[in-house]
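Chemist: Its first residue numbered 1, the sequence shown is counted upward by one per residue in the UniProt record's numbering.
Here it is, the structure in full.
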Amino acid sequence: MNLLNTLKFLKIESKKQEKTINLIASENYSSLISILYSSSCLINKYTEGYPNQRYYSGCKFFDIIENKTILEAQNLFNSNYANVQSHSGSQANFSGIQSLINKNEKILSLDLKSGGHLTHGFIKNFSGKYFDVVNYLLDKNYSINKQYLYKIIKKEKPKVLILGYSSYQKYIDWGFFNYLSLKNNFFIISDISHISGLIASGLYPSPLIYSNLVTTTTHKTLRGIRGGLILTQNYKLIKKINLSVFPGQQGGCLANNVLGKFFSFKESNNINFLKYTKQIIINSKIMLKTFLYRGYESIDYNTENHMFIIKIKNINSFFLEKKLEKYGILINKNFIPNDKNKSLNPSGIRIGSSCITTRKIKKLGSELISNYICDLIKFNNNFIKIKIRLLCLVYPIYK
Ligand SMILES: *Cc1c(COP(=O)(O)O)cnc(C)c1O
């Protein structure tokens, strides 16, 4: 494929993004400035190591950039220490887990179907292959079953408990788990990949003081450039984390993305970002309300964050996902807790409000979109395709 052809696909992709209402809860739109600065000449630089301790020479200016990015991350999350080098959320989790426990030691985590992430112990992932994994469960109300958790901790004596999920719409009682960890002597990793934007704004409780370390992506609700981040309050631990990231998990970091993260963190530490994240939660609540009003069931009557799960009965969630895509709406098929179905046709869909809120869509637009989906679950309606196009025109991603 020649260069011009490739650029053509980039153009089509960007048009497609503009013409699509995106409700995928893990996605967002980075600002043009973050995108611009993450594509700089820093791509050319190898920066293995840390400021003033690099493997290669010539890192003088990147040392300054990395130090400023670390400070910006610490400011944003009120944390004492930060490592900004992880390429992505999965890498941050690998490094985080590896900094606390050894191979074959025990991780206690929520399973994939209940909302956990691949890197929390899925059998085909590093976490499931190299560590001993036991899962905790949700109870009938899809809350974390505290009694079961208590029992399993006594029985299994895990070394580390992983909190924070990919599809969990309620608050997490960080303090309770912290209490258990102090009593039973295990570490806590809180993975806030999905909710870090809301936590940065103070709209969702922060796990920082209740966890040994916190991991996150930078590109979900935080709306930054693609990447990972690890935070801790503990000086001894940041030394271990740094070693676990480099040389423990990766060689040179993506220096260009570290600068991108600097701008992303700065942008998120701002009154406009606070307004943005407030609207994310408002839109998410409005959408869930609309689905409930239309007779659909979620795993809870409420959502405390940017997303929620809708149970899908009598139709195939795989086909629904494909059908909605044809109408210009992206959602993802998703497990519900204790799902009996397989991963190709799980019993739910996940709806997230971060992307439409970046487009500045508010209450009315959120209601409209939810109603279109409810209609499309039942019927075909070509008018909706046009309405989605119009909505995208009125609320562009990039002006
Ligand atoms: C998205 C996500 C990750 C992984 O992020 P990648 O950047 O895709 O590697 C880790 N943990 C949770 C809970 C996530 O939702």
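All C-beta atoms in this analysis are idealised placements derived from N, C-alpha and C, irrespective of residue type, glycine included.
1. Rounded to the nearest angstrom, what separates N50 and Q169 at their Cα positions?
2. Along the alpha helix (DSSP H) that carries Y81, what are the first and last residues, could you check?
3. Pick out whichever of H306, P337, S88 and S40 has its Cα sitting closest to the Cα of I144.
4. In chain order, what residues of the same chain have a beta carbon less than 7 angstroms from the beta carbon of I70, not counting five sequence neighbours either side?
5. To which residues of the same chain is I192 closer than 7 angstroms at the C-beta, ignoring the five residues directly before and after it?
6. Who are T217's beta bridge partners in DSSP?
7. If you draw a straight line from the alpha carbon of Q250 to that of K289, how long is it in whole angstroms?
8. By a C-beta neighbour count over all protein chains shown, 10 Å radius and 16 as the cutoff for buried, is L222 buried or exposed?
9. In angstroms with no decimal places, state the Cα-to-Cα distance between I241 and N371.
10. Checking 8 angstroms against the spacing of the C-beta atoms, do F122 and L137 come in under that value?
11. Let me check you understand the geometry: is the CB of N93 closer than 7 angstroms to at least one non-hydrogen atom of ligand 1?
12. Below 6 angstroms CB to CB, which residues in the same chain sit around S26 once its five sequence neighbours on both sides are set aside?
13. Could you check if T303 belongs to the surroundings of ligand 1, using beta carbon to heavy atom distance under 7 angstroms?
14. Would you mind reading off the limits of the beta strand (DSSP E) that contains F308?
15. So what's N93 in DSSP terms, helix, strand or just coil?
16. Just to check my reading of the structure: S366 and M287 have Cβ atoms closer than 8 angstroms, yes? What is that Cβ distance to the nearest angstrom?
17. Can you tell me where the alpha helix (DSSP H) holding R389 begins and where it ends?
18. Report, in whole angstroms, the separation of the C-beta atoms of L118 and N135, which I expect to be a contact under 8 angstroms.
19. Tell me whether L293 sits in a helix, a strand or coil according to DSSP, three-state version.
20. Since K363 and Y327 are thought to touch, with beta carbons under 8 angstroms apart, how far apart are those beta carbons, to the nearest angstrom?
Modeler: From the atom records:
1. By one-based count along the sequence shown, residue 50 stands at place 50. By one-based count along the sequence shown, residue 169 stands at place 169. For the record, residue 50 in the displayed sequence is Tyr; it is not Asn. C-alpha separation (whole angstroms): 37 angstroms.
2. For the purposes of this step, residue 81 is identified with residue 81 of the sequence shown, where counting begins at 1. First-last for Y81: Y81 to N83, but that is the beta strand (DSSP E), not the alpha helix (DSSP H).
3. Residue mapping note: residue 144 aligns to position 144 of the sequence shown, counting from 1. Measuring from the Cα of I144, the nearest candidate turns out to be P337.
4. The sequence position of residue 70 within the sequence shown is 70, counting from 1. If we look at I70 and ignore the five residues flanking it on each side, its Cβ neighbours are A82 and V84.
5. Mapped onto the sequence shown, residue 192 falls at position 192. So the list reads G164, I199, P207, V214 and T216, once near-sequence residues are dropped.
6. Taking the first residue of the sequence shown as 1, we reach residue 217 at position 217. In DSSP, T217 forms a bridge with G228.
7. Counting from 1 along the sequence shown, the entry for residue 250 is found at position 250. Counting from 1 along the sequence shown, the entry for residue 289 is found at position 289. Their Cα atoms are separated by approximately 44 angstroms.
8. Within the sequence shown, numbered from 1, the residue matching residue 222 stands at position 222. With 16 or more Cβ atoms within 10 Å of its Cβ, L222 is classed as buried.
9. One-based indexing of the sequence shown puts residue 241 at position 241. One-based indexing of the sequence shown puts residue 371 at position 371. Between the alpha carbons of I241 and N371 lies a distance of about 46 angstroms.
10. Your numbering for residue 122 matches position 122 in the sequence shown. Your numbering for residue 137 matches position 137 in the sequence shown. For F122 and L137, no; Cβs fall outside 8 angstroms.
11. As a first step, residue 93 is located in the sequence shown; it is residue number 93 there, counting from the start. Flag set: Cβ of N93 near ligand 1.
12. Your numbering for residue 26 matches position 26 in the sequence shown. Closer than 6 angstroms at Cβ, skipping near neighbours: K220.
13. Taking the sequence shown and counting its residues from 1, the one referred to as residue 303 is at position 303. Incorrect: T303 has no Cβ contact closer than 7 angstroms to ligand 1.
14. Your numbering for residue 308 matches position 308 in the sequence shown. Segment M307 to K311, the beta strand (DSSP E) holding F308.
15. Taking the sequence shown and counting its residues from 1, the one referred to as residue 93 is at position 93. Helix at N93.
16. As a working mapping, residue 366 is identified with position 366 in the sequence shown. As a working mapping, residue 287 is identified with position 287 in the sequence shown. At roughly 5 angstroms, the Cβ-Cβ gap stays under 8 angstroms, so S366 and M287 are in contact.
17. If you number the sequence shown from 1, residue 389 lands on position 389. Counting along the chain, the alpha helix (DSSP H) containing R389 begins and ends at N382 to V394.
18. Your numbering for residue 118 matches position 118 in the sequence shown. Your numbering for residue 135 matches position 135 in the sequence shown. About 13 angstroms separates the two Cβ atoms, so there is no contact after all.
19. The count along the sequence shown starts at 1 and reaches residue 293 at position 293. For the sequence presented, residue 293 should be read as Tyr rather than Leu. Y293: helix per DSSP, three-state reduction.
20. By one-based count along the sequence shown, residue 363 stands at place 363. By one-based count along the sequence shown, residue 327 stands at place 327. Rounded to whole angstroms, the Cβ separation of K363 and Y327 is 22 angstroms, and the two are not in contact under 8 angstroms.
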